[in-house]
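To start, the structure under review is shown below, and the notes come after it.
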Amino acid sequence: MDNILEVKDLELHYFTQKGVVKAVDRLSFHLKKGETLGVVGESGCGKTTMATALLKMPTPPGRIVGGQILLDGDDIMPLSENEIRRRVRWERISMVFQGAMNCLTPVYTIEKQMRETLQQHRQMDKAETAERMLKYLNLVGLSEDVLKRYPHELSGGMKQRVVIATGLFLEPKVVICDEPTTALDVVVQAEIINLLKSLKEELGLSFIFITHDLSIEAEVSDRIMVMYAGRAVEIGTNEQIYGPQGSAHPYTQRLLGATPRLHEEVEELSFIPGTPPDLLDPPSGCRFHPRCPVVMERCPHDDVWVREIEPEHMVACWRC
Amino acid sequence: MSEPILRVENLKKWFPVKRSIRQVLSGQRTEVKAVDGVSFDVQKGEIFGLVGESGCGKTTTGKLIMKLLDSTDGKMYMEGEDVTEISGDALAAHRRKVQMIFQDPYASMNPRFKILDVLMEPLVIHKVGETREEQETWAMKALEEVKLTPPDEFLARHPHMLSGGQRQRAATARTLMLSPSIIVADEPVSMIDLSTRAEILHMMRQVQRELGLTYVYITHDLSTARYFTDRIAVMYLGRIVEMGVAGDVIDNTLHPYSKALIEAVCEPVSGKVNRIKEVPIKGEIPAATNIPPGCRFHPRCVYAVPECSEQAEPELFDAGNGHMVACRRYQEILEKGDAAKTSEAEF
Amino acid sequence: MKRKETSQLRAFWNEFRRVRFGIVGLVLFAVFVLIVAFEPLLMPYRDANERWRDMTYWLDSPRNALPVWVNWFSAKDYAVAEKLEATSVTESQVGTLRMMTMEFDYDFDYERPPTDFQLVMTLTGNASLQMEVIRPDGESLNYQRSTSSSGTRELRISIAQNLQDKVFRLASPFADPDVIASENPETIDAVATMFAVAGPSMLRNTSPLQGTYTCRLTVALTGEDSQLDSAHVIIAGGVAGWMGTDASKRDIWSGLIAGTKWALLIGLLTSFVSVAVGVVYGVVAGYFGGWIDSAMNRVFEIFLSMPLLPILIVMSAVFKPSIWTMIIMMCLFFWVGPVKTVRSMALQIKENTYIEAAKALGASHRRIVFKHLLPQLVPYAFATMALSVPSAIVYEASISLIGLGDATVVTWGQILQDAYASGAVLQGTWWWVVPPGIAIALMGMTFAFIGFAMDTILNPKLRTR
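Residue numbers (this note's numbering), protein chains in the order written: chain A, 4 to 323; chain B, 33 to 379; chain C, 27 to 491.
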């Protein structure tokens, strides 16, 4: 199968007054055509930072310091900002940002905001833009009159759909969704998840779905990458991570153990003592070792990277 | 059954909405009926969950219990006494007995205060404690209770120097200072990392057992509610639609709305990736100023029949074993299953 | 608690240091404070404040003299104002007469003559005196006079005012006859002529005669109690003092120094009181909301729409204008400044969850306002205080400019007012107008800088970090 996106040894550092924060540390993964790759991790693990890196727009004082990003075979790292803006961002890869629905400008109509984005990228006349906007609004399940409304007149779910439509209407191949359902109610959340699934089918898209919620990942992602402290600790298929035989990395296992189940009587949820590390001065060797329940001798000393333990299943752990 | 520690009867909270001149003249009143007739009992020592989506009135109910808001109608009894309309000393006594843990652990503490000041505040307000040393000792004990040790180190810090989990522990410690009977916890772990959540919940349960406390646990997360609570009440648009033992309500759901919620929740199991979820619900939540007639869920219910909108709103009745449901057709739905559906889900 | 405060102060100080404005402001402020502290040492005329309007205090000064440092820049030096002591004193007895002779030497090596040459003496009893002024070229002026009185009195003989005739006569042999014909003793500049080279231009377009001038005073005293207590020669120079003198002969430098404390007082007191009141008012209005807020807003709007200057004028006309009345009036009107902003801030802060948590604990309104709300507003309050100091000072100056200031003290505004009333600008006495203006501007700058620096640090929205 073709890889529509390949990331090799991506490194993004934040150059702060206090020092260098290695927010993304030699990250490597790939996204196959037509699949949803889930990126899961807790706060500070680097998932959102990684997403900004994929669009080559790191938040200052961040800078991409190394690695390759191959989009459909083309390395976008050496491209200039101008080229990225004109040909890559939103055209080939777009993003639905976290809390984007709250970032719709309150003083402009939906139409104006969508049109503005569209016209930034394409020379289209009025009729064409109208047609395009309508097509995608319909695709996300909204009707035409949404165009004339202001953001505050729409519900949370509708706003999120607008944002998704904006991310799609330039017809990119890859869409990154960062916590698209976090602020939404459970029922609306299910709607949006269904929407994303159907869009994937209809438009032949590939998604990167970022969230901290393991339950949502299970129902959305074909493959999952678990991140911790800026590194990937496990990458596997949905079955390998969530299936009955359980995941491989101690962190993933504990995370799953910490997730409550709706239809099961769980006696005691597991937790991981301590907090995610400060990336100004991360732990040596395996970054998870201070909190790992099965830590070994060599863990604090040797850096560990994802290695294949079975087809499609990669783990960064000395135990495996 | 012994006397419940908290009893709420037909509690209502309606917020007036600004009216235009025309509306004032025509005598129209618009109110946001945030809580519209809620009744339940909470037994001493239990963890009672209030569950529902945003806007269902669970947080408002919590504030009514705290008496941060005055109820528009209905009655509330605390340890047998009518506390619906109290003031002065009686109100102060009530405040000592009922404490709250807020959702945002950072925002719920004054960033300029040290943790010591945060913990001392309840003591200072209620003039508890003879000497400052005594008060400080209690503060340290409270921190030990919530496992924030060494206590003297944490007392000197400011909230921003603590992690989310630590802050929530400090907030819990604050609630313990006045030796309360009931703690209302409003989404206490939703803003905390997953790997720490269980730790905080574990600590809360331990504290409850050691001190014999009762919790009212407000959340939108059904899975956590199942794990943590003993009994839950599912709320919709200001009323309770189903109530009972947590496992029972979730596994043997009776009310159409609860069913929809349960279907919508995601679970961390494999095999669901390629399925489009089917959630048996229609449309969107109506505004709380415009409650539908009859059963307020009927416009969205896939089992609705004409009686649902024509007859009076159903009250909670006991379906057996303390499992309460506010739906007249629940038996029919249970028996006939999908055949009882009158319309298709569209959501 | 102390540790928190000192560490907060230290953190604040560290930030303050980095903002250059703040340092400049602080330095200027320190200078002003030092001026007030060392006032007596800095003022040549110690009682300038109390006796600003007492003409007798300033008699020995020249009128409208330029500042001394003008001589550093001008090609033609002005004569410096001086007070000469006797270089020799002799006493002798002739029968029942006691004779005292005092000699004064004046070295005139300037290009411009003084504005006056005065012999000032204190006498008791009966005396006849003779005054001689001997020029370097030998010409001399002679004046005689007797006086008798029982008490002690001061006698002042001024070339400019008393000896014009004599000077005219002295110049007649030398000066251009046409000029003599067209002039008379009243129209000539007697002192300039006195100090001019003998020649045709002695009366007009004079050139200075440099050298030592000797003034000899011979006093014959009759009677037991008659005494010559003291005598000086006063040179009313063209330049006098660090900032010159005004039309009433007052030393402007002393006036400025004396006015510093008033400027500081007015500025600091007004701003402190008005901002304190305004902040508490805004917080209470914002916190309570509802009808309390509405009522307070209406009161606030009434005060806001009242024009301060006309009211101050009316008050000054009705009551005796005193600096304290002015300060009170200014406080009564300046408090409205911070109210709107503080009210908005209070509205925002009270939405915070920790306020709700405090209410849930049963905190009283007073506790929430004073313990939770006000501490957050202290930074803004300080910045506003600093920035309203210049306004207060300028207001007082404006009032004084109109002539309604407190006449018992000297403020910078009043110096300006006198200058304006005396037509200083038309006369070209720039040293009267410019220095007080600069002083006001400087003090305004001081507090503006401090205020800006504080604002930059304390206003989170202005922070660049």
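The beta-carbon is built from N, C-alpha and C at its ideal position, and this holds for glycine as well.
As the structure is a prediction and not an experimental result, all values here were calculated from the model.
Residues of chain A with a Cβ closer than 9 Å to the Cβ of HIS252 (chain B) are, in chain order, ASP188 and VAL189. Here the alpha carbon of LEU34 (chain A) sits roughly 52 Å from the alpha carbon of GLU347 (chain B).
For HIS155 (chain A), there is no enclosing alpha helix (DSSP H), as DSSP gives it neither H nor E. The beta carbons of LEU15 (chain A) and LEU74 (chain A) sit about 17 Å from each other, so the pair does not count as a contact at 8 Å. At least one CB atom of chain C sits nearer than 7 Å to the CB of ARG127 (chain B). Around the beta carbon of PRO81 (chain A), fewer than 16 other beta carbons sit within 10 angstroms, so the residue counts as exposed. Counted as a single uninterrupted DSSP element, the stretch harbouring GLU231 (chain B) is not any beta strand (DSSP E) but the alpha helix (DSSP H) occupying residues 226–243.
Within 8 Å of the CB of MET152 (chain B), no CB atom of chain C is found; the nearest one sits about 11 Å away.
For the options A:ARG125, A:VAL191, A:VAL297 and A:ILE113, the alpha carbon positioned closest to that of TRP93 (chain A) is the one of A:ARG125. Bridge pairing for GLU41 (chain B): B:LYS107 [DSSP]. CYS298 (chain B) counts as buried, since no fewer than 16 other beta carbons sit within 10 angstroms of its beta carbon.
Assigned with DSSP and collapsed to three states, MET356 (chain C) falls in helix. Assignment of GLU165 (chain C) by DSSP, reduced to helix, strand and coil, places it in the coil class. Shortest Cα-Cα distance from ARG161 (chain C) to any of C:ASP73, C:LEU68 and C:GLN236 involves C:GLN236. Counting only the Cα atoms, THR244 (chain C) lies some 11 Å from SER118 (chain C). The three-state reading of DSSP puts MET332 (chain C) in coil, since its state is none of H, G, I, E or B. Pairing ALA447 (chain C) with ALA284 (chain C) gives a Cβ-Cβ distance that is not under 7 Å. Using a CB distance cut-off of 7 Å, ALA372 (chain C) does not count as an interface residue toward chain B.
Per the DSSP secondary-structure output, ALA265 (chain B) pairs in a beta bridge with B:LEU82 and B:MET275.
Under the 7 Å criterion on CB atoms, ALA296 (chain B) is classed as interfacial with respect to chain A.
At a beta-carbon threshold of 8 Å, the residues of chain C lying near MET98 (chain B) are ALA386, ordered along the chain.
In the pairwise beta carbon analysis, the region 183–199 of chain B is classified as touching the region 141–153 of chain B: at least three pairs are separated by under 8 Å. Under the 7 Å criterion on CB atoms, PRO401 (chain C) is classed as interfacial with respect to chain B. In this structure SER146 (chain A) is exposed. Its beta-carbon is surrounded by fewer than 16 other beta-carbon atoms within 10 angstroms.
For PRO285 (chain A), the closest C-alpha among the options A:LEU199, A:ARG234 and A:SER224 is that of A:ARG234.
The beta carbon of MET193 (chain B) does not come within 7 Å of any beta carbon belonging to chain C, so the residue lies off that interface. DSSP places MET317 (chain A) in the uninterrupted beta strand (DSSP E) bounded by 316–318. The beta-carbon of GLU299 (chain B) is placed less than 7 Å from the nearest beta-carbon of chain A. Using a Cβ-Cβ cut-off of 7 Å, HIS292 (chain A) is close to nothing in chain B; its nearest Cβ partner there is about 15 Å away. Against THR256 (chain B), the close residues of chain A are PRO263, in the order they occur along the chain (beta-carbon pairs closer than 7 Å). In this structure PRO140 (chain C) is buried. Its beta-carbon is surrounded by 16 or more other beta-carbon atoms within 10 angstroms.
Between the beta-carbon of ALA386 (chain C) and that of TYR313 (chain C) there is about 16 Å, and that puts the pair past the 8 Å contact cut.
For HIS258 (chain C), there is no enclosing alpha helix (DSSP H); the enclosing beta strand (DSSP E) has its first and last residue at 237–262. The three-state secondary structure of GLN167 (chain B), taken from DSSP, is helix. When the five nearest sequence neighbours on each side are left out, the beta carbons in the same chain lying within less than 6 Å of the beta carbon of VAL166 (chain A) are those of VAL99, ALA103 and MET104, in order along the chain. Counting only the Cα atoms, ILE308 (chain B) lies some 19 Å from GLY246 (chain A).
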